[in-house]
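Asks:
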Amino acid sequence: MSKPKFAMYWAASCGGCEIAVLNIHEKILEVDAAFEVVFWPVAMDAKYKDVEAMQDGEITLCLFNGGMRNDENEHIAKLLRRKSKIMVAFGSCACEGCIPGLANFSSITDLVDTAFTTITTDNPDNIRPVTSYAMPEGTIIIPTLNPMLKTLDQVVDVDYYMPGCPPESHQIAAVVDLVIAALNGKAELPPKGATIGAGNSTVCDECPRKRNVKTIKEFRRIQFTTTDPELCLLEQGIPCNGVATRSGCNARCPSAGAQCIGCYGPAEGVVDYAARLISAFASVIDSDNPEEIDKILDGLVDPAGQFYRFNLAGSLLRASKSAQKG
Amino acid sequence: MTEETKPFEPVIIGFTCNWCSYRAADLAGTARMKYAPNVRLIRLMCSGRLDPTFVFKAFAGGADAVLVSGCHPGDCHYATQNYKAMRRFHLMTRVLTQMGIESGRLKLLWASAAEGQIFANAITKFVEEVRLLGPLNWNTTGAGIPAEVAKEEVTA
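So the protein lines, in turn, are chains D and Y. Counting from 1, one number per residue, gives the positions in the first sequence under our numbering. Counting from 1001, one number per residue, gives the positions in the second sequence under our numbering.
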């Protein structure tokens, strides 16, 4: 009997998700034993036409990481969706846009200007990319940028979401075990649309720091201050996103003395990540005076960036007004 | 009148509290005061119940502006929750401004149950201010707010 087929693809992402998969160490041998890897551009040579030649639904498991930055990303997402039984939005980029999604704060014009005309770029002739160029041998085409980066589920139907930037290796290993067990009829897969490889609570629930329900008079940036290693960071005025962030990482950052930046995405039931954080941060501010509140909020240098670092493309508003207008 | 010559009628979602600002609106109604019909009021038990998600959802769903109103500072039925609403309002305004939504599209208004006239006047003034800002036209199609999210209830 032939083995079930496995694919992994990267769209707009950094490659960290593939490293995280390899970080499951010797368990990767179990993946190899259980699956035939048919398409994984970072690890093996395969062509798009090989995938196109497959039957619909021929791939059993596809881990798709990266956001939809251009039309090539969307094309491959649609292709792999058609060819795969189980499509997993793997990692923060595919689930909610992540760092590439921060481009949704700016218009495409601004993005291209920044890349091709700023002082760090040596481009005296102001050469700009074109998506199609006629050569003697034929026309060369490169992918066209989307005006806004989209998440995977804004383009295709997604079966499961696996958050994290990148997903923690112990979580990947657990998911691999589950899928292999399910293929052997020894376990059941969760219902479609479920978040897998993560907890159902918040980072605060896993965080070992003590909470005293204390309010604060100022926000401080962690690099300019020393913090108490035992006490909740938010109560020390450090903007920590743990309250709204999904558990699953064992509160790695707060345990190591850094604030949670929210890479596991919105916690269960959170519709808009920034909205939940606005609610939480506003609650700890110790002032009833509008002027003083404004002064305290000045300590949050970039609130939208703080709250939407990983989640802008997946948020209710999706992108800033300038990005929407192109 | 043709489509072009019609004045722009902003759609404003207003959140009122049960104890003061909703009663102010009620008083304005029973006293037959006239004010601009552009605000759709949603009654909450308290302005402190206002989850910022409601505001983000209103803008993403096509509202041109959002009004948040409650009891005067010090008068909250639940002691201090309107102060919480005020702090959220300040932080929300900052985030929305970064998203390109002008600060004039989110307004905080205190109104007691006796201030029907003040409430009515404030709304008429707010509608005129938003009219000057023009339509927000948030992109609600394509990559905009997905239909399933639009239908979904926002839970606490």
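From the three backbone atoms N, C-alpha and C, an ideal C-beta is built for every residue, glycine too.
To the nearest angstrom, how far is it from the Cα of D:K27 to the Cα of D:I261?
Replies: So the alpha carbons of these two residues sit roughly 29 angstroms apart.
Asks: Are D:M8 and D:W40 close, meaning C-beta to C-beta below 7 angstroms?
Replies: Contact: yes.
Asks: Pull up the CB-CB distance for Y:I1042 and Y:G1014, whole angstroms please, since I reckon it's below 8 angstroms.
Replies: Yes, they are in contact, since the Cβ atoms of Y:I1042 and Y:G1014 sit about 7 angstroms apart, within 8 angstroms.
Asks: What does a CB cutoff of less than 8 angstroms around D:L300 pick up in its chain, not counting 5 residues either side in sequence?
Replies: Answer for D:L300: F219, P239, F281, Q306, listed in chain order.
Asks: Kindly indicate if chain Y contains any beta-carbon less than 7 angstroms away from that of D:D272.
Replies: Interface residue, yes.
Asks: Taking only the alpha-carbon atoms, compute the straight-line gap between Y:F1119 and D:K321 and give it to the nearest angstrom.
Replies: Y:F1119 and D:K321: Cα-Cα distance of roughly 30 angstroms.
Asks: Curious, which full-length beta strand (DSSP E) runs of at least 3 residues does the region 82–143 of chain D contain?
Replies: Fully enclosed beta strand (DSSP E) runs of 3 or longer: 84–90, 132–135, 138–141.
Asks: Would you mind sorting D:N126 into buried or exposed? The rule is 16 or more other CB atoms within 10 Å of its CB.
Replies: D:N126 should be labelled exposed.
Asks: Note down, in chain order, each residue of its chain lying with its Cβ closer than 6 angstroms to the Cβ of Y:T1107, except the 5 sequence neighbours on either side.
Replies: With the sequence shown as reference, residue 1107 of chain Y is identified as Lys, and Thr is not the correct amino acid for it. Within the same chain, Y:K1107 has close Cβ partners L1067, F1126.
Asks: So the beta strand (DSSP E) Y:K1107 belongs to, where does it begin and stop?
Replies: Its beta strand (DSSP E) spans residues 1106–1110.
Asks: Between D:L234 and chain Y, is the shortest Cβ-Cβ distance under 7 angstroms, so that the two count as touching?
Replies: No, its Cβ sits nowhere closer than 7 angstroms to a Cβ of chain Y.
Asks: Around the C-beta of D:L29, are 16 or more other C-beta atoms found within 10 angstroms, so that it is buried, or is it exposed?
Replies: By the 10 Å Cβ count, D:L29 comes out exposed.
Asks: Tell me whether D:V130 is buried or exposed, calling it buried when 16 or more other Cβ atoms sit within 10 Å of its Cβ.
Replies: With fewer than 16 other Cβ atoms within 10 Å, it is exposed.
Asks: Whole angstroms are fine: how far does the CA of D:V42 sit from the CA of D:A134?
Replies: Computed Cα separation, rounded: 30 angstroms.
Asks: Roughly how many angstroms separate the alpha carbons of Y:G1142 and D:I99, rounded to a whole number?
Replies: With a pLDDT of only 43 at Y:G1142, under the threshold of 50, the placement of this residue in the model should not be trusted; the figure read from the coordinates follows. Taking the straight line from one Cα to the other gives about 22 angstroms.
Asks: For D:F161, which residues does DSSP report across the bridge?
Replies: The sequence as given places Tyr at residue 161 of chain D; Phe does not occur at that position. Answer is D:A89, D:T195, bridged to D:Y161.
Asks: Roughly how far, in whole angstroms, is the beta-carbon of D:L145 from the beta-carbon of D:G97, given that I think they are within contact range, below 8 angstroms?
Replies: Not quite, the Cβ-Cβ distance comes to about 15 angstroms (not below 8 angstroms), so this is no contact.
Asks: Name the one or two DSSP bridge partners that Y:W1019 has.
Replies: Paired residues: none, contrary to the question.
Asks: Between the region 169–182 of chain D and the region 1017–1036 of chain Y, do at least 3 Cβ pairs fall closer than 8 angstroms?
Replies: Not touching, per the Cβ criterion.
Asks: By alpha-carbon positions, which one of D:A313, D:D32, D:N123 ends up nearest to D:A12?
Replies: Ranking D:A313, D:D32, D:N123 by Cα distance to D:A12 puts D:A313 first.
Asks: Could you list which residues in chain Y have their beta carbon closer than 7 angstroms to that of D:K321, in chain order?
Replies: Those within 7 angstroms of D:K321 in chain Y are M1099, G1100, I1101.
Asks: For D:S279, go through chain Y and note every residue whose CB falls closer than 7 angstroms to its CB, in chain order.
Replies: Chain Y residues near D:S279: D1051, P1052, R1088.
Asks: Is it the case that the Cβ atoms of D:V155 and D:E52 are separated by a distance below 7 angstroms?
Replies: Contact flag unset, no.
Asks: Once you ignore the five residues that flank Y:A1036 on each side, which residues in its own chain have a CB closer than 7 angstroms to its CB?
Replies: Only I1123, T1124, V1127 meet the Cβ criterion.
Asks: Given that D:I293 touches chain Y, what residues does it touch there, using C-beta distances under 8 angstroms?
Replies: Correct list: M1086, R1087, H1090.
Asks: Here's the rule: buried if 16 or more other CB atoms are within 10 angstroms of the residue's CB, otherwise exposed. What is D:F64?
Replies: Buried, by the Cβ-count rule.
Asks: Assign D:R211 to one of two classes, buried (16 or more other C-beta atoms within 10 Å of its C-beta) or exposed (fewer than that).
Replies: Its Cβ having fewer than 16 others within 10 Å, D:R211 is exposed.
Asks: Does Y:F1008 come within less than 7 angstroms of chain D when only Cβ atoms are used?
Replies: Taking Cβ atoms only, chain D never reaches closer than 7 angstroms to Y:F1008, which makes this a no.
Asks: Around the C-beta of D:A115, are 16 or more other C-beta atoms found within 10 angstroms, so that it is buried, or is it exposed?
Replies: D:A115 is exposed by the Cβ-count criterion.
Asks: Can you check which of these residues, Y:P1073, Y:L1096, Y:D1026, is closest to Y:Q1117 by C-alpha distance?
Replies: The residue with the shortest Cα to Cα distance from Y:Q1117 is Y:D1026.
Asks: Using beta carbons (cut-off 7 angstroms, strictly below), is D:P303 in contact with chain Y?
Replies: So, interface residue.
Asks: Excluding sequence positions up to five away, which residues of its chain have a Cβ less than 7 angstroms from the Cβ of D:K217?
Replies: Once the five neighbours on either side are set aside, the close Cβ partners of D:K217 are D286, I296.
Asks: Given a cut-off of 7 angstroms, decide if D:L316 and Y:F1056 are closer than it, judged by their beta-carbon atoms.
Replies: Contact flag set, yes.
Asks: Would the region 258–274 of chain D and the region 194–205 of chain D be scored as touching if the rule is three or more Cβ pairs under 8 angstroms?
Replies: Touching, yes, given that three or more Cβ pairs across the two stretches are closer than 8 angstroms.
Asks: Chain Y beta carbons: is any one of them nearer than 7 angstroms to that of D:Q324?
Replies: Chain Y contact via Cβ: present.
Asks: Please confirm whether Y:A1143 has its beta-carbon closer than 7 angstroms to some beta-carbon of chain D.
Replies: Note that Y:A1143 has pLDDT 43, beneath the 50 cutoff, so the model's placement of it is unreliable and the number below is only indicative. Yes - at least one Cβ of chain D is within 7 angstroms of the one on Y:A1143.
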